[in-house]
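Residue numbers (the numbering used here), protein chains in the order written: chain E, 337 to 782; chain B, 26 to 500.
Heads up, the beta-carbon is just placed ideally off N, CA and C, and yes, glycines get one too.
Nothing here was measured: the structure is a model prediction, and the numbers come from that model.
Heads up: the structure comes next, in C-alpha cells.
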Amino acid sequence: MINIIIEVSKYLMILLIAVYTYLNFSYFRLPTGKREDWQQDRVCGRQNAAMFAMHFLAYVILYLKTGDERMVLFYLAQLVFFVGYTWLYRLFYKNVSRLLVNNMCLLICVGLIMLTRLNFDKAIRQFMIVAVSALITWIIPFIIDRTWQLSRIPWVYGIIGLLLLVVVLLIGNNSFGAQLSINIVGFSFQPSEFVKISFVFFVATMFYQSTDFKTVCVTTAAAAVHVLILVLSKDLGSALIFFLAYLTMLFVATTNWLYLLCGLAGGGLASILSYFLFGHVRTRVLAWQNPWADIDNRGYQITQSLFAIGTGGWFGMGLYQGMPYKIPVVEKDFMFAAISEELGGIFAICVLLICLGCFLQFMMIAAKMQAIFYKLIAFGLGMVYVVQVFLTVGGTIKFIPSTGITLPLVSYGGSSVLSTFILFGIIQGLYILKKNDEENYEEGNT
Amino acid sequence: MKKGIPNPKANKSILIMTYALVGVFVCMIGYFGCFLQWKSEDVINNSYNARLDRFADRIVRGEILSNDGKVLARTEVSEDGTEVRRYPYDSLFAHVVGYSDHGKTGLESLANFYLLSSHMNLVERTMNEFIDVKNAGDNVVTTLDVDLQWVASDALGERRGAVIVMEPDTGKVLAMVSKPGFNPNTLGTDWDVLISADNTQAQLLNRATQGLYPPGSTFKIVTALEYLREHPDTWPSYHFDCDGLYKYEDYKISCYHGNAHGSQDLTQAFANSCNGAFAKLGLELNLGNMKTFCNQLLFNSDLPLALAYSKSNYVMDARAGSWEILQTSIGQGGTQMTPMHNGMLTAAIANGGVLMKPYLIDRVENAMGEEVKKFLPTAYGSLMSADEAEKMAALMRTVVAEGTGSAVRTDAYTVAGKTGSAEFETGKETHAWFTGYAPAEDPQIVVTVIVEESGSGGQIAAPIARRLFDTYFSR
Chain E
337 MINIIIEVSK YLMILLIAVY TYLNFSYFRL PTGKREDWQQ DRVCGRQNAA
387 MFAMHFLAYV ILYLKTGDER MVLFYLAQLV FFVGYTWLYR LFYKNVSRLL
437 VNNMCLLICV GLIMLTRLNF DKAIRQFMIV AVSALITWII PFIIDRTWQL
487 SRIPWVYGII GLLLLVVVLL IGNNSFGAQL SINIVGFSFQ PSEFVKISFV
537 FFVATMFYQS TDFKTVCVTT AAAAVHVLIL VLSKDLGSAL IFFLAYLTML
587 FVATTNWLYL LCGLAGGGLA SILSYFLFGH VRTRVLAWQN PWADIDNRGY
637 QITQSLFAIG TGGWFGMGLY QGMPYKIPVV EKDFMFAAIS EELGGIFAIC
687 VLLICLGCFL QFMMIAAKMQ AIFYKLIAFG LGMVYVVQVF LTVGGTIKFI
737 PSTGITLPLV SYGGSSVLST FILFGIIQGL YILKKNDEEN YEEGNT
Chain B
26 MKKGIPNPKA NKSILIMTYA LVGVFVCMIG YFGCFLQWKS EDVINNSYNA
76 RLDRFADRIV RGEILSNDGK VLARTEVSED GTEVRRYPYD SLFAHVVGYS
126 DHGKTGLESL ANFYLLSSHM NLVERTMNEF IDVKNAGDNV VTTLDVDLQW
176 VASDALGERR GAVIVMEPDT GKVLAMVSKP GFNPNTLGTD WDVLISADNT
226 QAQLLNRATQ GLYPPGSTFK IVTALEYLRE HPDTWPSYHF DCDGLYKYED
276 YKISCYHGNA HGSQDLTQAF ANSCNGAFAK LGLELNLGNM KTFCNQLLFN
326 SDLPLALAYS KSNYVMDARA GSWEILQTSI GQGGTQMTPM HNGMLTAAIA
376 NGGVLMKPYL IDRVENAMGE EVKKFLPTAY GSLMSADEAE KMAALMRTVV
426 AEGTGSAVRT DAYTVAGKTG SAEFETGKET HAWFTGYAPA EDPQIVVTVI
476 VEESGSGGQI AAPIARRLFD TYFSR
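Written out as C-alpha cells, the structure is:
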C-alpha cells in the first residue's frame, strides 16, 4: 500500500511541477496593465496550489519512508513560513511581483525537500537561514523605493567589494583547493556571494555617471582587478560570473559591439592563458574532457553525478530510492544531480526552466525601468543569477567543466541563500518602484 | 532625479542578451535530454556505479545464456522470496561467466546493467512496481559455445593453464577456459580457502586474460615481423648455421633440447623455432623501431577488451645490452604477455592485419526472448599491413606443415600457427604455448593455448588445439 502511494506521488510531483512551470511561462503571454491584474492573480494562485500540493506529497513520502515524526513538524513549520512569506509580502508591498515570490518559494521548497532527504540537520539549518534571510531582506524594497543616494557612491561599492575579496584571498579557509570563505564569530561566510551584488552596483553607478571612454577604461580596470583576485583565490566560477556580468552590462550601457567582441576575445585569450598558467584550471578541464580516465580521483565527482542522473532517468528513482549521497559535496554543488536522480530528469528540467523564468522576469523589469541606473542593476543582477545557474547545472551534467558554484536557493549554504534573497529583494524593489510610478502616473492623469 | 536614457538602444541590447542566454539554456536542456535518452545507458553500466546494485531490489537478475541458448547462470527465486544465483555447468564457465556474490567478475560484471534492467511490457512493469512485485531482468546471450568450452576444459584437464577460442573476422570469443578453476555454486563456502594467504593456486585468477607469461618462441612472430619490416627485400637471403648452441661474446643461446637444425633460412628457422637463428637476427634489428612496433602491437598498452585483464610488458629499448637482445628476440627476458593478447595478435594475422575487438555479449533479450539490443563486430584497427600479415601467415603455415607444429598437421583442414616453450625458472619444465588458426586459406577460428610448467609447445599445447579444431570442423 505504502509502495503504491509513493509511486503515485512520484509521478504526481512531476505533473505538479510541470503544471507550475507551464503557468510560469503562460504568465508572460498575459496582457499587462491594471485591468488584467486579476488574470495574473489567478495564474499565481494556481501556482501556489501546485506548489503546496507538491510540497505536501514530498513530505508524505519522506514521512512514510523514515517514520520520523520530526518530518511532520518540519513540514508544518515550512508550511507556515511559505504561507506567511507570500501573504505578508503582499500585505506590506501591494505591488509586489507575485510570480517572483512564488518562484523563490518553489526553489526553496525543492531545495528543502532534497536536503531533508540528504541530511535532516542541514535541512533544518538551511530552513533557519531561509527564515532569517527572508526577515532581513523583507525591508529591501522599502529602502530601494526611498534611497536614490544609492546611485551616487560607486567607489564605496568598489572598494568594499575589493577589500572583502582581498581578505578572503589572504586569510580565507581552503576548501577543495579554493579560498572561498572566512570565519566570523563562528559562522563561515563567503564574501564573493555578496561582492557579486556590490559589483553590479559599482558598475551600474559608474555607467550611470557616464559611458565615455575614460569611465569605461577605469571601470574595466576595476572589474579586471575583481576577476584577477578571484582567479588567484582559485574561485574560477565566481571569476567567470563577474567577467560575464561586467561585459554584458558594458554592452547594455553602450550597445557598442566592439566592446563586446573585444571583451569576449580577451576573455577567451585569458582562459587559454590560465589553462596553461594554473594547474587547477587544467585539472578541471581534463576532468571534464575525460572523467573516465581518472575515475578514482579527479573524475570521481562528475562521474558519480552522471551515474546519478543516468540511473534516475526521466522519471527518477523516487525519494530515498537512489544514492545521491555518493556524490561528494552533493548538497552544495551537485543538487541538480540529486534532484535529477530521485525526482527525475523531467522534474530537474522544470527546475531549470523556473530559474530561466526568473531570469526572463528580471530582463522584463530591466527593460521597463526608465533610469539607466535601475536598468543596469536589474540587468546585471539578472546576469549574475543566470550565469550562476548555467555554471552549476552545466558543470553537473558535464556540459561545461565543473566550477564549484551553488544553485541559488536550492543548494545548501548560508551565504548563497542570503545573497540570493538580497538579489531577489532588490529586483522586487525595482518592480514595486516601477508599479508605484505607473499607478501615480495613472492617478495623476485621472 | 531621472537622467533620462543616455543609451536609447539599451533595451535592444537587453533583448539580444536575453535571446543569447535563452539560446544557451535551450542547448543545455537539449544536451541533458540527449544524455538521458541515448547516452545514459552506456554511462551508468560501469562497475563504479554502486547504484546498479539497488536495481536488484526491484528486478530479478536475468540469465546468462550460451550462443545456442543454454543457461550458464540463472537466479532461482524460492517461495519466500530468497534468491540464489545458480550456475548449471559448475566450474566449466567459472572465470568467463564469473560470479556476482562476492563482488562481480566476468560477464556477471560486464553485463550487470543489462541483467538488472527489464524490458518487459511497460504496462506490466509499471503494474508490478505498484504492487511491489519484482520484474524479470533481461537475459544476456553470449558468444560462448558450450561444446568448445567443454572440449577445451577437458583437454586441459587438471593442468594449470588457459585456452581461448575466437573468430578472427568478428572478434567473437567462443571459449575461454582457465585452470585451476572453482565452483561458483559453492563460492560462499569456499571463499575463505580461495582467498587465504596459504593458497598458491590462484583459482580466482582468469589466466586467459590476467595471467602474464613469457611468450617464449611464440614471440618469434613479433621478431620475424619486425625483421620483415626492416628487410622487405633481403629477408629471403637470411642464413644461419645451427649447431644447437649459438655463442655470441660471452653468451650462449641453445636450441630446445640442444637440437642442431643445420643450415636455416628465415622460413626454416621460424618453422623449426631455431633459437640461435632468431638470437642472431635480433642483433641486427633497430631496437627503437622494435619497441615502437611492440607498442603498436598493444604491448604496454590497454587492450580493446571489456573483461578484466593485465597489460603485456615489453621493456627492451635502444640501450639494451647483448644478453637482453639475445633473450628478448626469442621471447624470454623481460617480455611478458597474456594468452588473450597472444590470441589477439594471431587473430589480426588471420584477418589480414586488422584486429577485431574481442567481445562476449552477442545480444540482450527481454525475459520473453525478444531482442532488446544487438552487438555487432567492430574493428579495432590495423596492427600490421595486409602484406605483412600475409607473409607471416605463410611462415606460420610452414610451422605446421614442416616444423614444430606437426601435432595439428592433418588432411581434414589446414592450420597455421606457432609453438612456444617458455622458460620461466631454471630447473623447471617450460610453459607450453600454441597459438594458431584454421583453415589457413579462410580462417574461421583462432585457438590459443598455454599449459604451465608442462613441456614443449609442440608436444603439449598443440594437441589441445588439435582437439578444438577437430571439434569445430567436425560439425
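For this session: Look at the alpha carbon of Ile-30/B and the alpha carbon of Thr-483/E, and state the distance between them as a whole number of angstroms.
Result: Per-residue confidence for Ile-30/B stands at a pLDDT of 47, beneath the threshold of 50, marking its modelled position as unreliable; the derived number appears in the next sentence. Whole-angstrom Cα-Cα distance: 20 Å.
Problem set entry | Residues from the segment 445 to 465 of chain E in contact with chain B, defined by Cβ distance under 7 Å | none
Exercise. Can you tell me the Cα-Cα spacing of Gly-283/B and Gly-269/B, whole angstroms?
Worked result: 5 Å
Problem set entry | Alpha-carbon spacing of Met-152/B relative to Leu-576/E, whole angstroms | 48 Å
For this session: Quick one: which residues of the segment 558 to 591 of chain E get their C-beta closer than 7 Å to a C-beta of chain B? List them in chain order.
Result: For the segment 558 to 591 of chain E, the beta-carbon criterion of a distance under 7 Å to any beta-carbon of chain B is satisfied by Thr-584, Phe-587, Val-588, Ala-589, Thr-590 and Thr-591.
Problem set entry | Buried versus exposed call for Trp-458/B [16 or more other C-beta atoms within 10 Å across all chains shown] | buried
For this session: Check whether the Cβ atoms of Met-742/E and Asp-669/E sit closer than 8 Å, and answer yes or no.
Result: The sequence as given places Thr at residue 742/E; Met does not occur at that position. Yes, they are a contact pair.
Problem set entry | For Gln-545/E, the first and last residue of its enclosing alpha helix (DSSP H) | 527 to 545
For this session: Use the C-beta contact count for Thr-317/B: other C-beta atoms within 10 angstroms, 16 or more gives buried, fewer gives exposed.
Result: exposed
For this session: Could you tell me which uninterrupted alpha helix (DSSP H) segments, each at least 4 residues in length, are contained entirely in the segment 448 to 511 of chain E, listed from first to last along the chain?
Result: 456 to 473, 476 to 482 and 490 to 507
Exercise. For Lys-711/E and chain B, any beta-carbon pair shorter than 8 Å?
Worked result: yes
For this session: Determine, using beta carbons only, whether Leu-46/B comes closer than 8 Å to chain E.
Result: yes
For this session: Sort Gln-357/B, Ala-414/B, Gly-377/B and Ala-437/B by Cα distance to Glu-450/B and report the nearest one.
Result: Gln-357/B
For this session: May I ask you to verify whether the segment 210 to 226 of chain B touches the segment 317 to 336 of chain B, counting CB pairs closer than 8 Å and requiring at least 3?
Result: Of all C-beta pairs linking the segment 210 to 226 of chain B to the segment 317 to 336 of chain B, fewer than three are shorter than 8 Å, placing the two stretches out of contact.
Exercise. Quick one: Cα of Tyr-429/E to Cα of Gly-658/E, how far?
Worked result: 42 Å
Exercise. How many angstroms separate the CA atom of Ile-342/E from the CA atom of Gly-403/E?
Worked result: When the Cα atoms are used, Ile-342/E and Gly-403/E turn out to be separated by approximately 14 Å.
Problem set entry | 8 Å Cβ cutoff met for Gly-346/B and Thr-429/B | no
Exercise. Considering only the beta carbon of each residue, do Asn-92/B and Val-166/B sit closer than 8 Å?
Worked result: Yes, they are a contact pair.
Exercise. Helix or strand or just coil, what does DSSP make of Gly-29/B?
Worked result: Reliability of the predicted coordinates at Gly-29/B is poor, the pLDDT of 43 falling under 50, and the value obtained from them is presented with this limitation in mind. Note: Gly-29/B maps to coil in three-state DSSP.
For this session: Report the residue from Ile-355/B, Leu-328/B, Gly-162/B and Tyr-339/B whose alpha carbon sits nearest the alpha carbon of Cys-299/B.
Result: Ile-355/B
Exercise. Since Ile-608/E and Ala-623/E are thought to touch, with beta carbons under 8 Å apart, how far apart are those beta carbons, to the nearest angstrom?
Worked result: No, Ile-608/E and Ala-623/E are not in contact; Cβ-Cβ is about 18 Å, not under 8 Å.
Problem set entry | Reference Asn-32/B; option with closest CA among Ile-736/E, Val-408/E, Ala-707/E and Ser-738/E | Ala-707/E
For this session: Could you tell me whether the Cβ of Glu-154/B comes closer than 8 Å to any Cβ of chain E?
Result: yes
For this session: Indicate whether Phe-760/E and Met-464/E have their beta-carbon atoms separated by less than 8 Å.
Result: no
Exercise. How close, in whole Å, do the beta carbons of Tyr-281/B and Trp-348/B come, if the pair is a contact with beta carbons under 8 Å?
Worked result: Not really, about 19 Å apart at Cβ, beyond 8 Å.
Exercise. Is Trp-650/E closer than 8 Å to Leu-505/B when the C-beta atoms are compared?
Worked result: This structure cannot speak to residue 505/B, because chain B is shown only from 26 to 500.
Exercise. Looking at the C-beta of Phe-494/B, does it have a partner C-beta in chain E at a distance below 8 Å?
Worked result: no
Exercise. Mind checking if Ile-30/B is an interface residue toward chain E, Cβ cutoff 8 Å exclusive?
Worked result: Any reading at Ile-30/B is ruled out, since the residue's pLDDT is 47, under 50, leaving its predicted position unreliable.
Problem set entry | Where Lys-37/B meets chain E, residues with beta-carbon distance less than 8 Å | Thr-591
Exercise. For Gly-573/E, which residues of its own chain have a beta-carbon under 7 Å away from its beta-carbon, when the five flanking residues on both sides are left out?
Worked result: Within the same chain, Gly-573/E has close Cβ partners Leu-727, Thr-739, Gly-740 and Ile-741.
Problem set entry | DSSP state of Asp-387/B mapped onto helix, strand, coil | Note: Asp-387/B maps to strand in three-state DSSP.
Problem set entry | Beta-bridge pairing of Tyr-112/B - partner residues as DSSP gives them | Tyr-112/B is not bridged by DSSP to any residue.
Problem set entry | Proximal chain E residues relative to Ala-333/B, where beta-carbon distance stays under 9 Å | Under the 9 Å cutoff, chain E gives no residues; its nearest Cβ is about 15 Å from Ala-333/B.
Exercise. What residues in the segment 619 to 635 of chain E have a beta carbon less than 9 Å from any beta carbon of chain B?
Worked result: Trp-628, Ile-631 and Asp-632
Exercise. Relative to chain E, which residues along the segment 186 to 211 of chain B have a C-beta separation below 9 Å, given in chain order?
Worked result: none
For this session: Could you tell me which residues DSSP puts in a beta bridge with Gln-361/B?
Result: Asn-338/B
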